Amino acid sequence: MTEDRMTTMFFEMFTGLPRQGPGDTASTLRALSLVPGIGPHTRVLNPGGGTGLEARVIAQNAPVRIVAIDNHQQYVEEFNREAEALAVAHRVEAQLGDMHRLDFEPGSFDLIWCEGSIYVVGFEKGLRDWHRLLAPGGHLALTDVCWRMPNPPAECREFWAQEYPAIRDVPSRLRTITECGYEVIGHFPLPAAAWWDDYYGPLQQKITEFRAHHDGETDAQQLADSVQSEIDMWHKYSHSYGYDFFVMRRD
Ligand SMILES: C[S@@+](CC[C@H](N)C(=O)[O-])C[C@H]1O[C@@H](n2cnc3c(N)ncnc32)[C@H](O)[C@@H]1O
């Protein structure tokens, strides 16, 4: 499969979903309630913001200004269309950009909000790089997938060794947060519904449509198999891993 065809098919599969990773509105609002002093002056950076569901939830519940960065043009366009539709585009905007090169002045933001995207740069590297982008006392809220048990089943461990070898448990993440110069304000697991309602449920439907659309195309069916195996893994082993929200304050 050429890289172009792979990319095109990947986005065919993942475009049109309510969100591009696990998450839910109640958890976004719970994490937001942990951040003190939010107001019209609050400057928010939303790296890997996707099509913007988390940004819209924040914007509808707090009078902040949000700049989101994503490297997929179609997501950026959808993000900005939805912000227009909600009449928040004057303070919520997505820009095409690379999370590896966030060229903002030091202290440009009071809050960095990153649901399901810190894996792109790596948990520790993200924490260290983004520290300088926050004003002193600024906050960082993020979600990441974490082990829920000390010895996950071998099949599950092997799957995550391929997908996200940097997966850790919550105590390990909490230590890293402290080592990177932040104070933990709060953390909590996302409910199972955060995987299914807006993500795996709609994605399961997309897989069925994608398979029919690419009937007889071996490479496309292999892509569908691989996405399906991630969902199957979750059905089988979701007690072993899950997403957690971490809210922290920089020193
Ligand atoms: C798992 S999705 C999460 C999206 C969104 N936060 C959500 O929860 O729905 C990861 C996002 O990171 C974006 N992304 C991947 N690599 C990137 C990079 N190098 N720079 C900027 N965005 C990137 C993807 O386009 C995608 O929107």
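Numbered by my numbering, the letters in the sequence shown go through residues 29 to 279 in order. For glycine and all other residues, C-beta sits at the position ideal for the given N, C-alpha and C. Fair warning: this is a prediction, and the values are worked out from it, not measured in the lab.
Report the residue from the options whose alpha carbon sits nearest the alpha carbon of residue i.
i	options	result
residue 159	136, 172, 143, 180	136
residue 168	274, 111, 46, 223	274
residue 258	185, 211, 212	185
residue 166	72, 36, 43, 45	72
residue 101	220, 39, 155, 45	39
residue 114	86, 34, 251	86
residue 42	78, 196, 70	78
residue 201	190, 214, 189	214
residue 70	62, 94, 56	94
residue 219	267, 105, 117	267
residue 174	36, 63, 265	265
residue 76	108, 122, 60, 235	122
residue 236	255, 98, 226, 132	255
residue 60	216, 269, 133	216
Rounded to whole angstroms, what is the Cα-Cα separation between residue i and residue j?
i	j	result
residue 233	residue 243	16 Å
residue 164	residue 153	19 Å
residue 198	residue 89	28 Å
residue 228	residue 32	25 Å
residue 151	residue 80	21 Å
residue 49	residue 144	6 Å
residue 130	residue 58	27 Å
residue 271	residue 51	8 Å
residue 139	residue 110	22 Å
residue 112	residue 276	30 Å
residue 249	residue 44	19 Å
residue 47	residue 84	12 Å
residue 190	residue 35	19 Å
residue 105	residue 116	15 Å
residue 107	residue 245	32 Å
residue 260	residue 53	24 Å
residue 177	residue 206	22 Å
residue 231	residue 225	10 Å
residue 118	residue 132	20 Å
How would you call residue i, buried or exposed, if buried means at least 16 neighbouring beta carbons within 10 angstroms?
i	result
residue 192	exposed
residue 180	buried
residue 82	buried
residue 124	exposed
residue 171	buried
residue 55	buried
residue 65	exposed
residue 240	exposed
residue 212	exposed
residue 37	buried
Enumerate in chain order the residues of its own chain whose CB-to-CB distance from residue i is below 7 Å, with the five nearest sequence positions on each side excluded.
i	result
residue 288	Past the edges of the chain, shown from 29 to 279, lies residue 288, and the structure says nothing about it.
residue 149	127, 128, 157
residue 262	223, 228
residue 209	159, 278, 279
residue 63	139, 167, 169, 275
residue 120	83, 87, 94, 111
residue 221	52
When every heavy atom of ligand 2 is checked, does at least one fall within less than 7 Å of the C-beta of residue i?
i	result
residue 34	Of the ligands this structure carries, namely ligand 1, none is ligand 2.
Looking only at its own chain, which residues have a Cβ that is under 6 Å from the Cβ of residue i, when we skip the five neighbours before and after it?
i	result
residue 238	41, 252
residue 91	68
residue 204	152
residue 5	Look at the range of the chain in this structure, 29 to 279, and you will see that residue 5 is not part of it.
residue 74	83, 94, 96, 141
residue 162	137, 278
residue 103	78, 79
residue 155	208
residue 134	160
Less than 8 Å between C-beta atoms, sequence neighbours within five positions excluded: which residues of the same chain meet that for residue i?
i	result
residue 194	147, 150, 151
residue 99	124, 125, 126, 127
Residues surrounding ligand 1 [beta-carbon distance to nearest heavy atom under 6 Å]
Those satisfying the condition are, in chain order, 47, 48, 49, 51, 76, 77, 78, 81, 82, 97, 98, 99, 100, 103, 126, 127, 128, 143, 144, 145, 148.
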